[in-house]
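Each remark here refers to the structure printed beneath this line.
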Amino acid sequence: MRSCQLRELGRIDYGKAFELQQQLAAERKQGLIGDQLLLLEHPHVVTLGRNGHREHLLASEEILSRAGVSFYPTDRGGDITYHGPGQLVGYPILDLREWKRDVVGYVRAIEQVIIDMLGEYGIAAGRIPKLTGVWVEERKVAAIGVHISRWVTSHGFALNVNTDLSYFQYIVPCGLTKPVTSMAQLGCVADLSDVSRSLAQHFGRVFDCEMLLETPVLAGPGE
Amino acid sequence: MTDVVMPQMGESIVEGTLTKWLKKPGEHVERDEPLFEISTDKVDTEIPSPAAGTLSEVLVEEGKTVGINTIVARIEDGGNGAGARAKPAQQAAPPAQQRPAPPQQAPPAQEAIQPPPVAAPLEEAVPATGPLSPLVRKMVRENNIDLGQITGTGSGGRITKQDIEGYLAQRAAPVRPTGGKIRDERSAASVTEPPVAKAPAPVVAPLPPAGQAKTRIEPMSTMRLKIAEHMVMSKRTSAHVTTIHKVDMTKVAKLRERHKAAFQAQYGFSLTFLPFVTRAAVVALRQFPIVNASIEGNNIIYHNEINIGIAVALENGLIVPVIRNADEKNVLGLQRSIADLAARARARQLKPEEVQGGTFSITNFGSFGSVIATPVINQPQVAILGAGMVEKTPVVIDDAIAIRSISYVSLTFDHRLIDGALADKFVAKAKQVLEDWSEDVL
Chain A
0 MRSCQLRELG RIDYGKAFEL QQQLAAERKQ GLIGDQLLLL EHPHVVTLGR
50 NGHREHLLAS EEILSRAGVS FYPTDRGGDI TYHGPGQLVG YPILDLREWK
100 RDVVGYVRAI EQVIIDMLGE YGIAAGRIPK LTGVWVEERK VAAIGVHISR
150 WVTSHGFALN VNTDLSYFQY IVPCGLTKPV TSMAQLGCVA DLSDVSRSLA
200 QHFGRVFDCE MLLETPVLAG PGE
Chain B
0 MTDVVMPQMG ESIVEGTLTK WLKKPGEHVE RDEPLFEIST DKVDTEIPSP
50 AAGTLSEVLV EEGKTVGINT IVARIEDGGN GAGARAKPAQ QAAPPAQQRP
100 APPQQAPPAQ EAIQPPPVAA PLEEAVPATG PLSPLVRKMV RENNIDLGQI
150 TGTGSGGRIT KQDIEGYLAQ RAAPVRPTGG KIRDERSAAS VTEPPVAKAP
200 APVVAPLPPA GQAKTRIEPM STMRLKIAEH MVMSKRTSAH VTTIHKVDMT
250 KVAKLRERHK AAFQAQYGFS LTFLPFVTRA AVVALRQFPI VNASIEGNNI
300 IYHNEINIGI AVALENGLIV PVIRNADEKN VLGLQRSIAD LAARARARQL
350 KPEEVQGGTF SITNFGSFGS VIATPVINQP QVAILGAGMV EKTPVVIDDA
400 IAIRSISYVS LTFDHRLIDG ALADKFVAKA KQVLEDWSED VL
């Protein structure tokens with residue numbers, strides 16, 4: 000069975016996580032490392048996809064910075080989005096040649112991971128045709144934006160666990176006018192680290208790989 | 000001339016949107032260098048060039064969606080096969096190619112170990128080199144080599160293993176801005192010159208000038224941050240109290256001594272004191288379930304499973320993998336779990352669920368020579384047992400001095416839930432199990 004290293008990075012700056020992704024993706028392309036799943040949380044940040052529209056940013060960069068929100072143009076797919084505390088962000092660095100050479104199949108699988116995981120928390124989530132992401136009725140609970148180079152993936156998904164949704168006011172998320180939601184807004188009180196663990200397990204199942212813990216999470220008694 | 004087509008990026012995908020050209024018409028492109036980007040369903044994919052040469056024609060503009068296998072561009076290879084390659088570079092070539100590429104033209108995406116820039120006409124996507132041996136083909140594939148970069152020295156210009164090795168040594172060397180000259184000498188150079196060091200000098204933090212910096216700043220690792228957070232959180236959460244009992248381990252020590260060699264021979268891992276201590280703790284936990292509980296709000300949560308976390312020291316931190324249903328295991332089973340979890344913890348191969356769900360923890364600080372310590376509770380548990388080093392000690396028994404194997408056993412407990420009397424009864428039970436050990440080991 001293939002294995003996938005799980006790296007739980009806690010709260011990490013967008014730029015730093017981006018550098019780490021690039022480094023890991025480069026190492027993955029060279030076959031120096033195996034598949035990786037980065038799970039983390041960002042401080043407030045608005046990011047713009049390569050083909051995104053700046054007009055979907057509804058606030059000036061000054062207003063953003065006054066609100067403590069940084070701004071990054073990136074190379075992922077998708078339009079504009081917001082990340083912040085209470086949102087579980089996942090960056091899988093996978094070589095799709097070892098799974099399926101299918102980029103759309105990959106996005107559908109990521110959706111499946113999140114749908115299955117939400118089901119475990121009693122939330123009935125699903126897809127809306129042509130609108131990539133995970134939806135609960137007409138509201139988006141998880142966004143997806145992926146970059147692929149030589150079949151190696153980077154960027155990934157962002158799931159609102161107990162995100163302060165008011166920050167989405169600064170943007171038109173993914174250029175869509177449909178509202179966003181979070182697990183908390185849907186009545187599910189869950190701890191980000193629990194959701195993270197649950198997500199990792201579903202990820203392993205959907206991608207048919209064994210999840211290995213790279214950075215130990217729980218520390219224990221002192222010695 | 001090589002046609003560049005819209006690739007199929009998945010079985011259900013019939014078209015793609017070309018979102019960006021990463022090269023302009025007339026620009027030179029290496030084989031496998033990212034040439035354009037396509038977008039399908041929130042996925043942006045960089046498509047590498049199928050050949051080296053000059054991007055001569057762009058047939059699909061940015062923003063257009065076309066079916067798979069549609070020709071989107073053409074690449075001018077710039078040569079006419081082996082015959083042309085052998086001749087001087089001045090052969091009729093399109094004007095765009097006569098201008099030799101300046102040395103710094105390598106796009107940023109490419110690695111620094113790129114081969115030296117060469118006059119364009121010499122670069123061919125599919126050189127007519129004659130058949131390649133399977134070994135050479137494998138080397139080409141594994142090293143991502145553009146065959147157009149290599150002059151074959153075998154019969155009829157065939158590329159040999161030595162040619163590839165020479166090329167790789169050359170490629171690893173720093174880029175020298177000498178244009179085509181290096182190339183002509185390459186095969187000779189690879190024989191006569193000693194191989195160039197492949198790896199760049201290791202990156203070492205520069206030493207501060209003598210007599211200057213008195214501190215060095217280093218960000219904490221993720222694990223360190225998490226340990227720090229967890230420890231402070233625990234101290235803030237629980238009312239820590241530690242009680243320490245002296246335990247006579249003589250019987251267990253003798254048992255262990257007797258079975259050590261056979262145990263190692265039979266099972267392949269050594270027999271330590273830890274499974275005995277764990278077993279004793281399990282017996283005591285069964286008798287005092289409140290020590291196996293946790294607090295949630297104003298409720299006491301009693302755990303029906305006894306899942307024991309074992310603290311494992313790592314190079315720069317620690318982790319507490321969990322032995323599930325530890326009450327269902329004997330000394331052998333416990334030792335096996337401990338050896339397995341500790342080995343995988345050090346190899347960083349624990350699965351997430353293996354560090355979750357602990358209901359009580361044990362730390363074996365005795366293995367580092369500590370006699371007495373006061374461990375921190377592993378939240379949300381309410382107690383942790385620590386075992387000090389087992390040492391031969393003179394003790395008074397019935398008014399006579401005897402030599403016994405003594406260990407100090409600590410229990411740190413959460414006084415919110417557990418009172419001193421109960422904590423001491425708990426440790427006394429574990430002590431009794433260890434002192435009057437009656438279970439089989441092998």
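Protein chains in written order, with numbering that gives the first Met the number 0: chain A, 0 to 222; chain B, 0 to 441. No residue lacks a Cβ here, since even glycine has one placed at the ideal position from N, Cα and C.
Reducing DSSP to helix, strand and coil, say where residue i ends up.
i	result
A:V160	coil
A:E18	helix
B:M138	helix
B:H27	strand
A:A142	strand
B:I158	coil
A:L31	coil
A:H82	strand
B:T277	helix
B:E122	A caution first: B:E122 carries a pLDDT of 33, below 50, which makes its placement in the model too unreliable to give a value.
B:K197	Annotation note: pLDDT 47 at B:K197 (below 50); position unreliable, no value reported.
B:F367	helix
A:Q126	Checking the sequence shown, residue 126 of chain A turns out to be Arg, not Gln. DSSP places A:R126 in strand when its eight states are reduced to three.
B:N329	coil
A:F167	helix
B:Q96	Only weak support is given to the placement of B:Q96: the predicted model assigns it a pLDDT of 42, under 50, and the value that follows is read from those uncertain coordinates. Here B:Q96 sits in helix by DSSP.
B:P351	helix
B:V319	coil
B:G165	helix
B:R335	helix
If you check the beta carbons only, do residue i and residue j fall under 7 Å apart?
i	j	result
A:L5	A:L36	yes
B:L410	B:L433	no
A:V102	B:T44	yes
B:L416	B:V375	no
B:V246	B:K430	yes
B:L54	B:F35	no
B:V57	B:M5	no
A:V280	A:G85	The shown model of chain A, from 0 to 222, leaves out residue 280 of chain A, and the question about it has no answer.
B:V71	B:V59	yes
A:S153	A:A24	yes
B:F275	B:V251	yes
A:G77	A:G104	no
A:R27	A:V205	no
A:S64	A:C208	no
B:V321	B:G332	no
B:I226	B:G316	yes
A:G67	A:H43	yes
B:T241	B:D423	no
A:P178	A:R138	yes
B:G365	B:A386	yes
Locate the alpha helix (DSSP H) running through residue i, then write down its first and last residues.
i	result
B:T249	T249 to Y266
A:G118	V102 to E119
B:S409	B:S409 -> not in any alpha helix (DSSP H); beta strand (DSSP E) instead, spanning A399 to D413.
B:K225	T221 to T236
A:F202	L191 to V205
B:K424	G419 to E434
A:I62	E60 to R65
Under DSSP, the beta strand (DSSP E) around residue i begins and ends at which residues?
i	result
B:T1	T1 to V4
B:I307	I307 to I309
A:R1	R1 to R10
B:V375	Per DSSP, B:V375 belongs to no beta strand (DSSP E) and is neither H nor E.
A:C208	C208 to L212
B:P393	E390 to I396
B:S293	A292 to E295
B:D40	No beta strand (DSSP E) contains B:D40, which DSSP labels as neither H nor E.
B:L17	E14 to W20
A:V45	V44 to L47
With 16 other CB atoms within 10 Å as the buried threshold, where does residue i fall?
i	result
B:V195	Bear in mind that a pLDDT of 46 at B:V195, under 50, signals an unreliable position, so the number given afterwards is only what the model happens to contain. Exposed.
A:V188	exposed
A:E110	buried
A:T176	exposed
B:R73	buried
B:R30	buried
B:F412	buried
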